[in-house]
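Top line first, the protein sequences correspond to chains A and B. The first sequence begins at 37 in my numbering and counts up by one. The second sequence begins at 82 in my numbering and counts up by one. What follows is a set of notes on a single structure, which appears directly below.
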Amino acid sequence: GQQLNQSPQSMFIQEGEDVSMNCTSSSIFNTWLWYKQEPGEGPVLLIALYKAGELTSNGRLTAQFGITRKDSFLNISASIPSDVGIYFCAGQLNPGNTGKLIFGQGTTLQVKP
Amino acid sequence: EAEVAQSPRYKITEKSQAVAFWCDPISGHATLYWYRQILGQGPELLVQFQDESVVDDSQLPKDRFSAERLKGVDSTLKIQPAELGDSAMYLCASRGELAGGNNEQFFGPGTRLTVL
């Protein structure tokens, strides 16, 4: 099925470092969502973006909806061990209200205390 | 806090057997989704319901998979017969209908299926 290009695939960082990951697509999206998933659990919504250029923060997390509407990035500042998990971007491809999401392949984040 | 409920959390079955998964969305959410997530990949939509009606089942392998949401509340996803390649996490999500077309989907904890 269709998926977004998410990078990097994995990251291993030191506690306290900042993290950046991004998603790109050949298609235009009208909504971008970022989720975090821990082993054996479902994805948990972190941030939702609805307008091109929008910059939204949630605590130490900041995400932006790209101007071209074909990309988005997520930054995590001052990482802590509980940030460990898999981060997924998801875009809504179709206009209207069907809500179907297309997901990236995920970025696995590991934080060394 | 309202949550999407799923059961069972884990299921081990032998190939050719039938399996069923249950989902109870957040109260009042009209839209319900079933996704399949293969290890190491992002979730992929299998079927979407609006109330009791199927909106999108284009990616559902209809020869062996079926889904229903008879009263527009909880939903069941069935696989019969199960195949080795069906081993995956099956996720249910729901979305409320808010002004402005809010597209925030909330996921349940998933059912991890292993087919032997």
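We put the CB at the ideal spot given by N, CA and C, even for glycine.
So, residue i versus residue j, is the Cβ gap smaller than 8 Å?
i: ALA114 of chain A; j: ASP54 of chain A; result: yes
i: ILE160 of chain B; j: ALA99 of chain B; result: yes
i: ASP92 of chain B; j: LEU197 of chain B; result: The question names Asp, yet the displayed sequence has Lys at residue 92 of chain B. Not in contact: LYS92 of chain B and LEU197 of chain B (Cβ atoms no closer than 8 Å).
i: ILE112 of chain A; j: ARG96 of chain A; result: yes
i: LYS72 of chain A; j: GLY140 of chain A; result: no
i: THR104 of chain A; j: LEU85 of chain A; result: no
i: LEU141 of chain B; j: VAL128 of chain B; result: yes
Between the options, which lies nearest to residue i when the distance is taken from Cα to Cα?
i: ALA163 of chain B; options: B:GLN87, B:ALA101 and B:PRO89; result: B:ALA101
i: ASP167 of chain B; options: B:ASP132, B:THR192, B:VAL136 and B:GLN131; result: B:THR192
i: ALA148 of chain B; options: B:GLN186, B:MET170, B:CYS104 and B:VAL85; result: B:CYS104
i: ILE49 of chain A; options: A:LEU69, A:GLY142, A:ILE116 and A:SER62; result: A:ILE116
i: MET170 of chain B; options: B:ILE119, B:PRO142, B:GLN140 and B:ARG150; result: B:ILE119
i: GLU74 of chain A; options: A:TYR123, A:LYS87, A:LYS148 and A:VAL147; result: A:TYR123
i: PRO124 of chain B; options: B:LEU172, B:SER156, B:GLU185 and B:LYS143; result: B:LEU172
i: SER139 of chain B; options: B:GLU185, B:ARG176, B:SER175 and B:TYR116; result: B:TYR116
i: ARG145 of chain B; options: B:ASP132, B:SER108, B:ARG176 and B:LEU165; result: B:LEU165
i: ASN94 of chain A; options: A:LEU110, A:GLN42, A:ASN58 and A:SER43; result: A:LEU110
i: GLU90 of chain A; options: A:GLY76, A:GLN42 and A:SER108; result: A:SER108
i: GLU29 of chain B; options: B:LEU126, B:LYS143 and B:LEU113; result: The structure shown has nothing for residue 29 of chain B, since chain B only spans 82 to 197.
Chain B beta carbons: is any one of them nearer than 8 Å to that of residue i?
i: LEU110 of chain A; result: no
i: ALA114 of chain A; result: no
i: GLU77 of chain A; result: yes
i: LEU97 of chain A; result: no
i: GLY142 of chain A; result: yes
i: LEU82 of chain A; result: no
i: LEU69 of chain A; result: yes
i: LEU137 of chain A; result: yes
i: PHE124 of chain A; result: yes
Can you name, in chain order, every residue of its own chain whose Cβ lies under 6 Å from the Cβ of residue i, other than the five neighbours on each side?
i: THR195 of chain B; result: ILE93 and SER168
i: GLY181 of chain B; result: Because GLY181 of chain B carries a pLDDT of 49, less than 50, the predicted location of this residue cannot be relied on, and the following value inherits that uncertainty. Contacts found: none.
i: VAL136 of chain B; result: GLN129
i: SER46 of chain A; result: THR144
Once you ignore the five residues that flank residue i on each side, which residues in its own chain have a CB closer than 8 Å to its CB?
i: LYS106 of chain A; result: THR60, SER61, SER62, SER63, ILE64 and PHE65
i: ILE107 of chain B; result: ALA83, GLU84, VAL85, SER175, GLY177 and PHE187
By Cβ distance, which residues of its chain are closer than 7 Å to residue i, with the 5 residues on each side in sequence left out?
i: LEU81 of chain A; result: LEU69 and TYR71
i: PRO190 of chain B; result: GLN87 and ARG90
i: GLU51 of chain A; result: SER115, ILE116, PRO117, VAL147, LYS148 and PRO149
i: GLY109 of chain B; result: GLY177
Please confirm if residue i has its CB atom under 8 Å from at least one CB of chain A.
i: ASP132 of chain B; result: no
i: PRO124 of chain B; result: yes
i: PRO190 of chain B; result: yes
i: ALA180 of chain B; result: Here ALA180 of chain B scores only 48 on pLDDT, less than 50, and its place in the model should not be relied on; the value that follows carries that caveat. By this cut-off, ALA180 of chain B is not an interface position.
i: PHE102 of chain B; result: no
i: ASP105 of chain B; result: no
i: ARG193 of chain B; result: yes
i: PHE146 of chain B; result: no
i: GLN161 of chain B; result: no
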